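S.K.: Below: one structure in structure tokens.
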Amino acid sequence: MICGIVYDNAYLMHEQSHTHPERRERLSYTLDQLEEEGIFDLPEIKLISPVPAKRDDVLLVHSAEYLRFLEETSVHGGIIDADTIIPKDLIHDALLAAGGAIQAADAVLNQEVKNAFVLARPPGHHAGKASGAGFCYLNNVAIMVRHLQRRGMRRIMILDWDAHHGNGTEEIFYDDPTVLFCSVHQYPFYPGSGRIDDIGVGDGKGYNINLPIPAGSSDKVYRYLLEEIIIPLAEEYMPDVIAVSAGQDNHFSDPLTGLALTAQGYARLMQEMCIVADSICYGRLIAVLEGGYSVEGGLPYTNLGLIAAMAGLDISGIREPAIYQELLQKSVSEEAFPKVLKMVSNLKKKLSNHWYFIHRSY
1 MICGIVYDNA YLMHEQSHTH PERRERLSYT LDQLEEEGIF DLPEIKLISP VPAKRDDVLL
61 VHSAEYLRFL EETSVHGGII DADTIIPKDL IHDALLAAGG AIQAADAVLN QEVKNAFVLA
121 RPPGHHAGKA SGAGFCYLNN VAIMVRHLQR RGMRRIMILD WDAHHGNGTE EIFYDDPTVL
181 FCSVHQYPFY PGSGRIDDIG VGDGKGYNIN LPIPAGSSDK VYRYLLEEII IPLAEEYMPD
241 VIAVSAGQDN HFSDPLTGLA LTAQGYARLM QEMCIVADSI CYGRLIAVLE GGYSVEGGLP
301 YTNLGLIAAM AGLDISGIRE PAIYQELLQK SVSEEAFPKV LKMVSNLKKK LSNHWYFIHR
361 SY
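Here UniProt numbering is used: position 221 in the sequence shown is 221, and no number is missing along the way.
Next up, the structure:
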């Protein structure tokens with residue numbers, strides 16, 4: 001099993017400010033950890049260099065007016081919102097991130113690698129058809145999905161496990177049955193969307209699945225959602241490719257969120273999704289980095305865990321340093337799991353007419 005890692009040092013260049021949560025250390029600390037573990041020397045790993053996305057690639061998802069705004073504003077710099085500044089030359093960084101996702105898709109479809117992980121910045125899942133927000137400018141995963149479909153992949157499943165709801169991705173595919181979007185996210189939380197009632201419209205009704213979870217949700221919650229909803233969805237939908245919006249701000253040490261997933265939990269999630277991909281779509285799985293802001297205690301270990309799982313390596317030793325265990329204990333809420341059970345029960349009622357695996361249980 002060969003896992004492709006899409007990376008270039010150019011992904012370190014984008015920076016709104018040196019104190020902004022979405023800063024270059026998100027990747028530089030991870031790269032240090034991967035090199036220390038010898039990941040890039042393994043035969044199971046292939047490093048892939050990104051190339052910028054073309055305008056035509058971006059226009060598969062975003063409006064011409066929005067792309068023009070980014071291009072023109074990137075000349076001198078500007079602003080989308082208080083959290084999302086447009087630095088000078090931003091468009092080059094954004095196109096390289098989207099292009100990295102396209103490169104990953106091509107490597108998987110061309111059977112150069114079995115699966116791939118795009119270690120790109122800036123992230124993308126808050127970017128809608130005609131807007132950016134939440135540190136995001138171009139929707140890397142959405143652009144990749146449309147590229148996959150352009151290459152003949154008819155049905156794509158997107159699993160977005162970032163702590164923040166992928167509102168941009170939801171908007172883009174909300175009426176589209178050829179893309180199954182499933183988001184696991186902290187709720188209530190930024191951006192305020194992602195309710196279980198939002199299941200899509202028109203032909204896309206039933207293909208937008210939101211799994212809002214409370215603060216303090218731990219590995220146990222994610223395992224349950226995987227077994228109860230996510231894997232059955234994938235097995236019934238039978239996608240040609242699984243895309244993962246791999247946000248890692250659900251980690252218990254993340255400074256911006258309130259969830260309690262561990263690096264081992266991340267590794268197990270990815271391992272299970274790779275097993276699912278093996279069984280239904282020839283192992284075709286592509287993960288794209290989204291959020292995650294614990295640059296020392298989280299990202300180096302969560303990224304390592306995801307890559308190890310995707311490469312078929314032993315993940316039993318994936319964990320954070322022992323100094324973080326006290327923080328983990330404080331982060332987990334015993335009240336979270338009962339709330340998730342209730343949420344899933346309510347969600348199933350809303351989806352029972354759309355999915356057989358749910359309907360047969362009633």
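Note that beta-carbon positions come from the ideal geometry of N, C-alpha and C, so glycine has one too. The model shown is predicted, which means the values in this text are computed figures rather than measured ones.
Go ahead and pull the three-state DSSP assignment for LYS220.
M.R.: Residue mapping note: residue 220 aligns to position 220 of the sequence shown, counting from 1. Of the three classes helix, strand and coil, the one that applies to LYS220 here is helix, per DSSP.
S.K.: Going by the beta-carbon positions, is the gap between VAL258 and ALA215 smaller than 7 Å?
M.R.: Position 258 of the sequence shown, counted from the start, is the residue given in the question as residue 258. Position 215 of the sequence shown, counted from the start, is the residue given in the question as residue 215. Per the sequence presented here, residue 258 reads as Gly, with Val not at that position. Contact flag set, yes.
S.K.: For ILE2, which of GLY312, LYS129, ALA130 and LYS54 has the nearest alpha-carbon?
M.R.: By one-based count along the sequence shown, residue 2 stands at place 2. When only C-alpha atoms are compared, the closest one is GLY312.
S.K.: For the stretch 44 to 80, which segments carrying the alpha helix (DSSP H) assignment without a break, of at least 4 residues, lie completely within its bounds, in sequence order?
M.R.: The stretch 44 to 80 contains these whole alpha helix (DSSP H) runs: 55 to 58 and 64 to 73.
S.K.: Would you list, in sequence order, the uninterrupted alpha helix (DSSP H) runs of no fewer than 4 residues that lie entirely inside the stretch 291 to 338?
M.R.: Qualifying alpha helix (DSSP H) stretches, in chain order: 299 to 310 and 325 to 331.
S.K.: So what does DSSP say about ILE196, is it helix, strand or coil?
M.R.: Residue numbering aside, residue 196 sits at position 196 when the sequence shown is read from its first letter. ILE196 falls in the coil class under three-state DSSP.
S.K.: At what residues does the beta strand (DSSP E) containing THR84 begin and finish?
M.R.: Position 84 of the sequence shown, counted from the start, is the residue given in the question as residue 84. Run containing THR84: 84 to 86, per the beta strand (DSSP E) assignment.
S.K.: Report all residues from its chain with a CB closer than 6 Å to the CB of ALA287; omit the five preceding and five following residues, and keep chain order.
M.R.: Position 287 of the sequence shown, counted from the start, is the residue given in the question as residue 287. Same-chain partners within the cutoff: PHE117, VAL244 and ALA246.
S.K.: Does the Cβ of MET238 have 16 or more other Cβ atoms within 10 Å, making it buried, or fewer, making it exposed?
M.R.: Your numbering for residue 238 matches position 238 in the sequence shown. By the 10 Å Cβ count, MET238 comes out exposed.
S.K.: Please work out which residues of its chain come closer than 8 Å, Cβ to Cβ, to LEU42, disregarding the five sequence neighbours upstream and downstream, and give them in chain order.
M.R.: Residue mapping note: residue 42 aligns to position 42 of the sequence shown, counting from 1. Closer than 8 Å at Cβ, skipping near neighbours: ALA311 and LEU313.
S.K.: Ends of the alpha helix (DSSP H) at GLN248?
M.R.: In the sequence shown, residue 248 corresponds to position 248, counting from 1. Run containing GLN248: none; DSSP gives neither H nor E here.
S.K.: According to the neighbour-count rule (16 or more other Cβ atoms, all chains shown, within 10 Å of its Cβ), is ARG284 buried or exposed?
M.R.: For this step, residue 284 is matched to residue 284 along the sequence shown. Under this definition ARG284 is a buried residue.
S.K.: State the beta-bridge partners of ASN115 as determined by DSSP.
M.R.: As a working note, residue 115 is residue 115 in the sequence shown. According to DSSP, which records beta bridges pairwise, ASN115 is partnered with CYS3 and LEU285.
S.K.: Is VAL113 closer than 7 Å to GLY38 when the C-beta atoms are compared?
M.R.: Taking the sequence shown and counting its residues from 1, one reaches residue 38 at position 38. Taking the sequence shown and counting its residues from 1, one reaches residue 113 at position 113. Not in contact: GLY38 and VAL113 (Cβ atoms no closer than 7 Å).
S.K.: Can you tell me whether DSSP reads LEU233 as helix, strand or coil?
M.R.: Position 233 of the sequence shown, counted from the start, is the residue given in the question as residue 233. If DSSP states are grouped into helix, strand and coil, LEU233 belongs with the helices.
S.K.: Please report how far the alpha carbon of GLY166 lies from the alpha carbon of PRO50, in whole angstroms.
M.R.: In the sequence shown, residue 166 corresponds to position 166, counting from 1. In the sequence shown, residue 50 corresponds to position 50, counting from 1. Approximately 24 Å between the Cα atoms of the pair.
S.K.: Measuring alpha carbon to alpha carbon, tell me which residue in GLN16, THR30, ASP106 and GLY128 is nearest ALA64.
M.R.: Working through the sequence shown from its first residue, we reach residue 64 at position 64. The shortest C-alpha separation from ALA64 is found at GLY128.
S.K.: Three-state secondary structure (DSSP) at HIS185?
M.R.: Here residue 185 is taken as the residue at index 185 of the sequence shown, counted from 1. In the structure shown, HIS185 sits in a strand (DSSP, three-state: E or B).
S.K.: Write down the C-beta distance between ALA94 and PRO122 rounded to the nearest angstrom, noting that I regard them as a contact closer than 8 Å.
M.R.: One-based indexing of the sequence shown puts residue 94 at position 94. One-based indexing of the sequence shown puts residue 122 at position 122. At roughly 6 Å, the Cβ-Cβ gap stays under 8 Å, so ALA94 and PRO122 are in contact.
S.K.: Are the stretch 143 to 155 and the stretch 336 to 347 touching, with three or more C-beta to C-beta distances below 8 Å?
M.R.: Too few Cβ pairs lie closer than 8 Å, so no.
S.K.: Using C-beta distances below 6 Å, list every residue in its chain close to THR73, excluding the 5 sequence neighbours before and after it, in chain order.
M.R.: Translated into the one-based positions of the sequence shown, residue 73 becomes position 73. Hits under 6 Å: ILE86.
S.K.: Per DSSP, which one or two residues make a beta bridge with SER131?
M.R.: To locate residue 131, count along the sequence shown from 1; it is residue 131. Answer by DSSP bridge pairing, in chain order: GLY128.
S.K.: Is there at least one Cβ from chain D nearer than 7 Å to GLU25's Cβ?
M.R.: Chain labels in this structure do not include chain D; a single protein chain is all it has.
S.K.: Name the one or two DSSP bridge partners that PRO122 has.
M.R.: Your numbering for residue 122 matches position 122 in the sequence shown. Bridge partners of PRO122: none, in fact.
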